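Under the UniProt record's numbering, the first residue of the sequence shown carries the number 1, and numbering increases by one thereafter.
By construction, the Cβ of each residue, glycine as well, lies at the ideal position given by its N, Cα and C atoms.
No experiment lies behind these values; they were computed from the predicted model shown.
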Amino acid sequence: MTDFSLDKLVAAQTEAEGLGVVFPEALKGALREAADPHYKIGVMGRFQAGKTTLVNRVFLRQPLLKEGEGLCTTAVCTEVTYGPEAKLTLVKDGVTQTFSPPTAEAIVAATTAGTEEARLALAESITQLRIETPNENLRRYTILDTPGLDDPNRALLDVTTYRELPQCDLVLLVADARQLSQIDFDFLRGTVFSAGLTQAMVLLSYNKEANRMAAAARQNVLETVRAGLASRGLERIPVQMVCYDGEAPDILDTPEKVEAAVLDYLSRTVAAARSERLRAQTAQAIVERAKSRRLLGELAKKQRAEIEALNDRRKREEIEQEKRLSLIQGRLSRDLRETAGALGGAVDQACAAVRQELAAGAADLTEAALSTRLDALCGDVLGQAQTACREVAQRHLAEVTELIEGMDDFLGESAETAKGAVDTAPRTSSVPHNIFDSDIWQALKEKLGGDPIDKALEWGSEALATRLEGSKNPWVRLAGIAVRYLPTLLKPLRGKLAAQALDEQLAVFGDQLRGQIEAFVDRFHDWLDAAIDAQVEQAREQLKRTFEEALDDRPDDPAALAAEAETLEALAGRILA
């Protein structure tokens, strides 16, 4: 692909407008902005991972935002951008308030609350919280500081972090220098890319006082995190370790280095992607105009009666198109139903495999271990659902390839919705299962050298057996022998109860997951049908307008129209070359 600069693209748009191409205002505005790009960077991560510290140290170069202490209190997203003077703009319940200059107290009052209910109410009442500061660095980007991803209040995340996510050009995921958590991996895979973002960067926050890692250990952590991302299909995400004291030259150890790395990544990825998108949209508008002029040229060769006859044929073909479209959508519906059924079978097989894997140790299985295993199962099956639906769509919609390009956003969003519902599915059972899985019980188990119930049975049965075996009554002595072996007899029963509880939990989980898979496939089907209808209707309307134009004012110079179409096609070709 040749270098087609923004200046050349502007010139191409001007030339195309001279040939009658009408570009959408949004496209022209995006092209003007691309000449002096401004980026929105979302800073995200778990509670106390170092998000606000990064914003203060790297992007603001001053402690303007309050850094987390102790509890999750942040309730809103804070947007930090350039302004000629420092001020805080708050839009709450439809009322705009301004604080100039912004004080730490005003910022804390606007962004935090003490209780879960108060935090959610605060988040829902605030539609904008913007801090402007005359920091020259902020002329190039806007920073979005967000609540922690592990915030227990999911509803709050829905109206803050997840709502703002699609507006970001880049997500900086800030994490502890030691490792990424499952929350971090899930956020990148299931939330960032499902929101339509294509660029993310992981910054591991290193504190020499807290971490105390040698250079080799730091490199090992970086390699481990990169390998973890690669194993989840996220190898394109760059990983850097950062600190701010200038004493670890093997990593980004100053605010200036961190900012330079982020801006370099933005210019190489986000800016390039913007440019490609603008080129494609510009060329598409020109190609559409060329098609219209070429068709008008063909129509200009014909007499009005011929044009009217062609228009009548167009209307008849519309009816035939509708029939063919109905057949395509019918086959699509059938294949998706079969896909949902096959996925339901995959859920049953996966649950059976988990049961076989865990049944032997069911008595010692903790809820946390089971939850981790079920989460992995859920991710695998939902991944199969995405792949299967995409394959069905590609089989039936080869002629509408642009739909396929838009599927990733939908698939990821739907998968995240389904996974969220499965995460909340009940995993308890009417049969007691690991009811003594507590810190106190575990400490007692460690001190006694075994399960406290087993020990109690062992000691109790030993003492009782000794007394019974000393009886003169032979039946009592026989009972004593039975009591002595009571612990051994009861152990299989406990294992059986635990296995029964595991079966019930897997049954509940399987039912819930099958329901979510069916809902996912149904939603995909509805979306795809609507997209097909919209695409077909758009093409029909374009053709209809062309015929109406030809009938209203039939052009007289077919050669000029053909030449105009060739000029437009050549221009589009240069843009895309």
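Exercise. Cα separation between K66 and R274?
Worked result: 34 Å
Query - Per-residue burial, L327 [other beta carbons within 10 Å of its own, 16 or more giving buried] - result: exposed
Q. Based on the DSSP output, what are the partners of F99 in its beta bridges?
A. L88
(Q) According to DSSP, simplified to helix, strand and coil, what is S205? (A) In this structure, S205 counts as strand in the three-state DSSP scheme.
Exercise for review: Could you tell me whether the segment 86-99 touches the segment 288-304, where touching means 3 or more Cβ pairs closer than 8 Å?
Suggested key: no
- Query: Within this structure, are the beta carbons of D529 and Q329 separated by less than 8 Å?
  - Reply: yes
- Straight-line CA distance for Y265 to H38? Each residue's alpha carbon lies about 14 Å from the other.
Query raised in the report: Beta carbon of A106, beta carbon of L88: below 8 Å?
Result: yes
(message) Can you look up K315 in the DSSP assignment and give me helix, strand or coil?
(response) In this structure, K315 counts as helix in the three-state DSSP scheme.
field: A118 versus A110 - alpha carbon distance
entry: 12 Å
- prompt: Which residues in the same chain have their Cβ closer than 7 Å to the Cβ of G340, if we skip the five residues on either side of it in sequence?
  reply: Note on residue identity: the sequence assigns Ala, not Gly, to residue 340. So the qualifying residues of the chain are I517, E518, V521.
Item checked: Other residues of its chain near G50: CB distance less than 6 Å, five sequence neighbours each side excluded -> V174, S205
**Request:** Give the secondary structure of V392 by DSSP, where H, G and I count as helix, E and B as strand, and everything else as coil.
**Result:** Per DSSP, reduced to three states, the secondary structure at V392 is helical.
Length of the line joining the Cα atoms of L568 and A12: 10 Å
Among S267, G18, P238, Q384, which has the Cα closest to the Cα of L222?
-> P238
- Query: In angstroms, rounded to a whole number, what distance separates the CA positions of S335 and G345?
  - Reply: According to the sequence shown, residue 335 is Asp rather than Ser. So the alpha carbons of these two residues sit roughly 15 Å apart.
- What is the DSSP secondary structure of G420, reduced to helix, strand or coil? Any answer about G420 is weak, because its pLDDT of 40 lies below 50 and its placement is not dependable; what the coordinates show is given next. Helix.
- Given a threshold of 16 other Cβ atoms within 10 Å of its Cβ, counted over all protein chains shown, does I532 qualify as buried or as exposed? buried
Quiz prompt | Identified DSSP bridge partners for Y244 | solution = Y244 pairs with nothing; no bridge assigned.
Select from C77, L6, D7 the residue whose C-alpha is nearest the C-alpha of I41.
-> C77
Checklist line | Residue from K302, E124, R390, R139 whose Cα sits closest to the Cα of residue 582 | finding: Given that the chain is displayed from residue 1 to residue 577, the structure contains no residue 582 and the question cannot be resolved.
#### Entry: Y82 beta carbon less than 8 Å from that of E132
yes
State the Cα-Cα distance for the pair C351 and Q219, rounded to the nearest angstrom.
39 Å
With DSSP as the reference, label T339 as helix, strand or coil. helix
Which ranges would you report for the alpha helix (DSSP H) in the segment 233-311 if only whole runs of at least 4 residues count?
255-265, 271-300
- Give me the Cβ distance between A155 and L203, rounded to the nearest whole Å; I'm assuming they're in contact under 8 Å. A155 to L203, Cβ: 28 Å. No contact.
Please report the straight-line C-alpha distance between G45 and L149, rounded to a whole angstrom. 6 Å
Margin query: Once DSSP output is grouped into helix, strand and coil, what is the label at D145?
Written below: Looking at D145 - three-state DSSP - the assignment turns out to be strand.
Inset, instruction - List the endpoints of the continuous alpha helix (DSSP H) containing E136. - result: Careful: E136 lies outside any alpha helix (DSSP H) and carries neither H nor E.
Whole runs of the beta strand (DSSP E) within the segment 27-75, excluding any shorter than 3 residues: Runs found: 39-45.
What is the DSSP secondary structure of A200, counted as helix, strand or coil?
strand
| query | Three-state secondary structure (DSSP) at A577? | reply | coil
Practice task
Give a yes or no on whether the C-beta atoms belonging to L506 and R355 are separated by under 8 Å.
Solution key: yes
Is the distance from the Cβ of A501 to the Cβ of L278 below 8 Å? no
Between which two residues does the beta strand (DSSP E) containing L19 stretch? Careful: L19 lies outside any beta strand (DSSP E) and carries neither H nor E.
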